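Trainee: So that we are looking at the same thing, I have put the structure below in structure tokens.
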Amino acid sequence: MRKFYLYFILVMALVMIGLGLYFVFNPGTSLAAFTFVIGIVLLLNGLNEIISYFKGRKVLKISNWILLDGAISLIAGLIILINNNIGEKFIVLIFVIWVLASAILNIMMAFSVKGSKGWIFVLIIGIIGAIIAIISLFSSAIVAVTVGLILGGFFIFQGIACLLLFNGIRKQMK
């Protein structure tokens, strides 16, 4: 059993590194994959909340809001899974709002410390962020690349962590 676990970690490390590299070099695919995973998570969460509501409503004082939340999650998950394009557009919109809000706050912060060392740098970062957000509104390719790089980097680092874990466990087994 221990050897199985050990080699399972090795296989997972290699799969994660491979998946990470794939996402980095195929960012459009990674946005679609990320959106698909979100659809699955929403679907499963919705099912869980609906089932929990009906199984526990007689025993626990479960609010009807849980049923509503479950229904909304289930519907959102189904919509994303049926039409992945809607999910991708939603992720792009959330990303754009986040980047734009952050950029505006950086610009405001820069002016609040105007004259201090480095305030121009914060202002420039804010302006660049605002430009990226505005361009991203019209081109989801930028967001796809960003999501691809972030997901790819995450999987690569997770894979490296698994390789280090594999090596550590292997040394302990000797």
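By my numbering, the letter at position 103 of the sequence shown is numbered 207, and the numbering carries on one by one without gaps.
Think of the CB as a built atom: it goes at the ideal place given N, C-alpha and C, for glycine as much as any other residue.
None of these values were measured; they are calculated from a predicted model.
#1: May I ask you to report which of helix, strand or coil DSSP gives Gly222?
#2: For Glu153 versus Gly181, is the C-beta spacing smaller than 7 Å?
#3: Based on Cα-Cα distance, which residue from Asn149, Gly191 and Lys193 lies nearest to Ile176?
#4: Let me check understanding here. Comparing Cα to Cα, which of Gly257, Lys159 and Leu241 lies closest to Asn130?
#5: Do Phe225 and Leu123 have their CB atoms nearer than 7 Å?
#6: Compute the Euclidean distance between the alpha carbons of Gln276 and Met120, then round it to the nearest angstrom.
#7: Cutting at 7 Å between CB atoms, please list the residues of its own chain near Gly233, excluding the five before and the five after it.
#8: Can you give me the C-alpha to C-alpha distance between Trp169 and Tyr157, rounded to a whole angstrom?
#9: Have a look at Phe138 and Phe112 and give me their C-alpha separation to the nearest angstrom.
#10: Would you call the CB atoms of Ile200 and Ala237 closer than 7 Å?
#11: Going by beta-carbon coordinates alone, are Leu125 and Ala248 separated by less than 7 Å?
#12: Arg161 lies in the alpha helix (DSSP H); which residues open and close that run?
#13: Which of the three DSSP states is assigned to Val249 in this structure?
#14: Is it buried or exposed, Phe215, if we count other Cβ atoms within 10 angstroms and call 16 or more buried?
Mentor: So, from the listed chains and residues:
#1: Counting from one through the sequence shown, the residue named residue 222 turns up at place 118. Correct three-state label for Gly222: coil.
#2: Within the sequence shown, numbered from 1, the residue matching residue 153 stands at position 49. Within the sequence shown, numbered from 1, the residue matching residue 181 stands at position 77. No, Cβ-Cβ distance for Glu153 and Gly181 is not below 7 Å.
#3: Translated into positions along the sequence shown, residue 176 becomes position 72. Closest by alpha carbon: Asn149.
#4: Residue mapping note: residue 130 aligns to position 26 of the sequence shown, counting from 1. The candidate whose alpha carbon is nearest that of Asn130 is Gly257.
#5: As a working mapping, residue 225 is identified with position 121 in the sequence shown. As a working mapping, residue 123 is identified with position 19 in the sequence shown. Not closer than 7 Å, so no.
#6: Walking along the sequence shown from the start, residue 276 turns up at place 172. Walking along the sequence shown from the start, residue 120 turns up at place 16. Cα to Cα, Gln276 sits roughly 24 Å from Met120.
#7: Here residue 233 corresponds to residue number 129 of the sequence shown, with the count starting at 1. Excluding residues within five positions, the ones whose Cβ falls inside 7 Å are Val203, Ser206, Ala207 and Asn210.
#8: Numbered from its first residue, the sequence shown carries residue 169 at position 65. Numbered from its first residue, the sequence shown carries residue 157 at position 53. Going by the C-alpha atoms only, they are around 9 Å apart.
#9: As a first step, residue 138 is located in the sequence shown; it is residue number 34 there, counting from the start. As a first step, residue 112 is located in the sequence shown; it is residue number 8 there, counting from the start. Roughly 24 Å between the two C-alpha positions.
#10: Along the sequence shown, read from residue 1 onward, the residue named residue 200 stands at position 96. Along the sequence shown, read from residue 1 onward, the residue named residue 237 stands at position 133. Before going on, a small fix: residue 200 reads as Val here, not Ile. It is a contact, given that the beta carbons lie within the stated cut-off.
#11: Here residue 125 corresponds to residue number 21 of the sequence shown, with the count starting at 1. Here residue 248 corresponds to residue number 144 of the sequence shown, with the count starting at 1. Cβ distance not < 7 Å, so Leu125 and Ala248 don't count as in contact.
#12: Locating residue 161 in the sequence shown gives position 57, where the first residue counts as 1. In the DSSP assignment, Arg161 falls outside any alpha helix (DSSP H) and carries neither an H nor an E.
#13: If you number the sequence shown from 1, residue 249 lands on position 145. Val249: helix per DSSP, three-state reduction.
#14: Taking the sequence shown and counting its residues from 1, the one referred to as residue 215 is at position 111. Exposed, because fewer than 16 other Cβ atoms sit within 10 Å of the Cβ of Phe215.
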